[in-house]
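The C-terminal residue of the sequence shown carries number 308 in my numbering, and the numbering is unbroken.
Note that CB positions come from ideal geometry on N, CA and C, so glycine has one too.
Structure first, commentary second.
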Amino acid sequence: MSIQYTDFIHPADKAAIEQLQSIPAFSSCVKMFLKVRFEQIQYGINLAEKIRLGPDQLPHIYNHIQKICDCFGIGVPEVYLEQNLELNAYAFGETRPSVTIQSGLVAALDEDELVAVLAHECGHIVCHHNLYRTMADYLASAGSGFLGPLASLATAPVQIALQYWIRRSELSADRAAAVFLRGPDAVVKTMIRLAGGPKAITEKVDVDVYLKQADDYDKLQEATWDKLLQTCAISKSDHPFLAVRAREILKWCQTDQFRRLVQALEENELSPKCPVCGRTLHGHWKFCSSCGAPNPNLNEQKQPTIAI
Ligand SMILES: [Zn+2]
Ligand SMILES: [Zn+2]
Numbered sequence: 001m002s003i004q005y006t007d008f009i010h011p012a013d014k015a016a017i018e019q020l021q022s023i024p025a026f027s028s029c030v031k032m033f034l035k036v037r038f039e040q041i042q043y044g045i046n047l048a049e050k051i052r053l054g055p056d057q058l059p060h061i062y063n064h065i066q067k068i069c070d071c072f073g074i075g076v077p078e079v080y081l082e083q084n085l086e087l088n089a090y091a092f093g094e095t096r097p098s099v100t101i102q103s104g105l106v107a108a109l110d111e112d113e114l115v116a117v118l119a120h121e122c123g124h125i126v127c128h129h130n131l132y133r134t135m136a137d138y139l140a141s142a143g144s145g146f147l148g149p150l151a152s153l154a155t156a157p158v159q160i161a162l163q164y165w166i167r168r169s170e171l172s173a174d175r176a177a178a179v180f181l182r183g184p185d186a187v188v189k190t191m192i193r194l195a196g197g198p199k200a201i202t203e204k205v206d207v208d209v210y211l212k213q214a215d216d217y218d219k220l221q222e223a224t225w226d227k228l229l230q231t232c233a234i235s236k237s238d239h240p241f242l243a244v245r246a247r248e249i250l251k252w253c254q255t256d257q258f259r260r261l262v263q264a265l266e267e268n269e270l271s272p273k274c275p276v277c278g279r280t281l282h283g284h285w286k287f288c289s290s291c292g293a294p295n296p297n298l299n300e301q302k303q304p305t306i307a308i
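Here you go:
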């Protein structure tokens with residue numbers, strides 16, 4: 001059993017993506033964007049400019065990824081380390097997904113926070129966010145050059161709706177991280193590091209006081225919502241939004257939906273595993289559904305009992 005995106009997707013993410021897809025010009029933008037073969041372009045950039053991680057390359061970072069992917073039933077993406085002092089990470093690609101984590105972030109985070117970041121990025125892959133998110137990134141930097149025609153097709157309503165959705169897509173990815181980690185603590189600590197810097201500086205941040213920023217941010221939105229929407233559409237800064245995300249994930253982790261998911265994961269952990277590939281075995285199946293190895297538990301049960 002693995003967690004599906006429908007188990008945890010944030011309603012605001014779902015609503016915003018439906019709104020985005022309902023804009024007539026949007027599907028033309030996506031079609032044009034797909035023609036660019038952006039994944040191939042990015043793959044070359046990744047190989048040329050970053051360090052590809054693996055079991056033999058910085059395994060202390062890489063080795064977390066398999067367990068996260070097993071939890072969500074996805075293939076393992078390529079994972080890259082990028083030299084950049086900004087505290088950032090991102091997932092890229094729909095058919096050939098990759099996760100890039102920047103050196104500034106690795107240096108700033110504890111291990112559980114690093115896992116939260118990797119699980120968050122895998123959350124974007126699970127939710128199939130990457131195509132639209134990548135398109136938004138390219139659009140933001142495509143005033144001229146080979147994506148110029150795309151930029152002209154992507155009218156203001158498309159760009160604003162894309163940016164509006166991107167903020168909401170973060171909420172679903174945060175949920176993925178909290179589910180994998182069975183709680184919100186590392187996710188919230190990560191928000192605080194992203195907002196204020198490495199642990200050495202932010203360790204003593206008062207979480208409750210920080211969360212109050214989210215309430216103040218809400219009040220600001222009520223007053224000048226349209227203005228803020230415009231600002232969000234052009235701004236790369238999402239620091240105020242981090243407080244909202246922290247408050248949101250803490251709230252969600254109190255719900256029955258979250259508790260049920262964690263319970264399902266724990267039951268899954270206790271269920272028998274394939275001795276060859278390590279995936280969960282279906283009790284009644286003769287062979288492992290992942291690698292085809294015989295189910296030893298079933299074979300044991302099927303041993304004829306010898307009457308004495
Ligand atoms: Zn994200
Ligand atoms: Zn197996």
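Asked                                                                                                                             : Found
Same chain, Cβ closer than 8 angstroms to proline 294, five either side skipped, listed in chain order                            : Lys286, Phe287 and Cys288
Cutoff 7 angstroms; reference alanine 16; Cβ partners in own chain excluding five residues on either side                         : Tyr164, Trp165 and Arg168
Nearest residue (CA-CA) to aspartate 112, options Asp185, His10 and Ala195                                                        : Asp185
Three or more C-beta pairs below 8 angstroms linking the segment 28-37 and the segment 187-196                                    : no
Candidates Pro296, Phe241, Ala246 and Ala178, of which the one nearest valine 262 by Cα                                           : Ala178
Terminal residues of the beta strand (DSSP E) in which valine 205 lies                                                            : Valine 205 -> no beta strand (DSSP E), and no H or E assigned at all.
Anticipated Cβ contact below 8 angstroms, histidine 120 with aspartate 174, distance rounded                                      : 6 angstroms
Close-in-space but distant-in-sequence residues of the same chain around glutamine 57 (CB under 8 angstroms, 5 per side omitted)  : Ile51
Cβ shell of tyrosine 80 (< 8 angstroms), same chain only, five flanking positions each side left out                              : Asn46, Lys50, Ile51, Arg52, Leu53, Ser98, Val99, Thr100 and Ile101
Secondary structure of proline 157, DSSP reduced to three states                                                                  : helix
Same chain, Cβ closer than 6 angstroms to lysine 189, neighbours up to 5 away in sequence not counted                             : Glu113
Beta-carbon proximity check, asparagine 63 vs glycine 93, cutoff 8 angstroms                                                      : no
Phenylalanine 92, enclosing beta strand (DSSP E) - first and last residue                                                         : 89-92
Reduced DSSP secondary structure (H/G/I, E/B, other) of tyrosine 138                                                              : helix
Counted within 10 angstroms of its Cβ, other Cβ atoms place isoleucine 3 as buried (16 or more) or exposed                        : buried
Glycine 44 versus leucine 139 - alpha carbon distance                                                                             : 20 angstroms
Identified DSSP bridge partners for arginine 52                                                                                   : Tyr80
Identity of the residue in Leu270, Glu170, Ala116 and Leu162 nearest proline 11 by Cα                                             : Glu170
Alpha-carbon to alpha-carbon, cysteine 291 and alanine 25                                                                         : 44 angstroms
Nonlocal neighbours in the same chain, by C-beta distance under 7 angstroms from glutamine 19, ignoring five residues either side : Ala161
One or two residues paired with glutamine 102 in a DSSP bridge                                                                    : Glu82
Whole-number beta carbon distance between valine 117 and phenylalanine 72, since they are thought to touch under 8 angstroms      : With 8 angstroms as the limit, phenylalanine 72 and valine 117 do not qualify as a contact, their Cβ atoms being about 15 angstroms apart.
Check whether valine 76 and isoleucine 61 have beta carbons under 8 angstroms apart                                               : no
contact_flag[the segment 206-217, the segment 242-255] where n(CB pairs < 8 angstroms) is 3 or more                               : yes
Cβ-based neighbour list, valine 205, same chain, cut-off 7 angstroms, excluding 5 preceding and 5 following                       : Ile192 and Gly196
Pocket of ligand 1 defined by Cβ to heavy atom distance under 5 angstroms                                                         : Glu170 and Ala173
Spatial neighbours of serine 27 in its chain, beta-carbon cut-off 7 angstroms, leaving aside the 5 residues before and after      : none
Residue interval of the alpha helix (DSSP H) (run including glycine 123)                                                          : 111-126
beta-carbon serine 271 near ligand 2 non-hydrogen atom, thresh 7 angstroms                                                        : no
Expected contact under 8 angstroms - CB spacing of threonine 280 and asparagine 268 to nearest Å                                  : 6 angstroms
Close beta carbons around aspartate 7, own chain, < 7 angstroms, minus the five adjacent residues each side                       : Leu261
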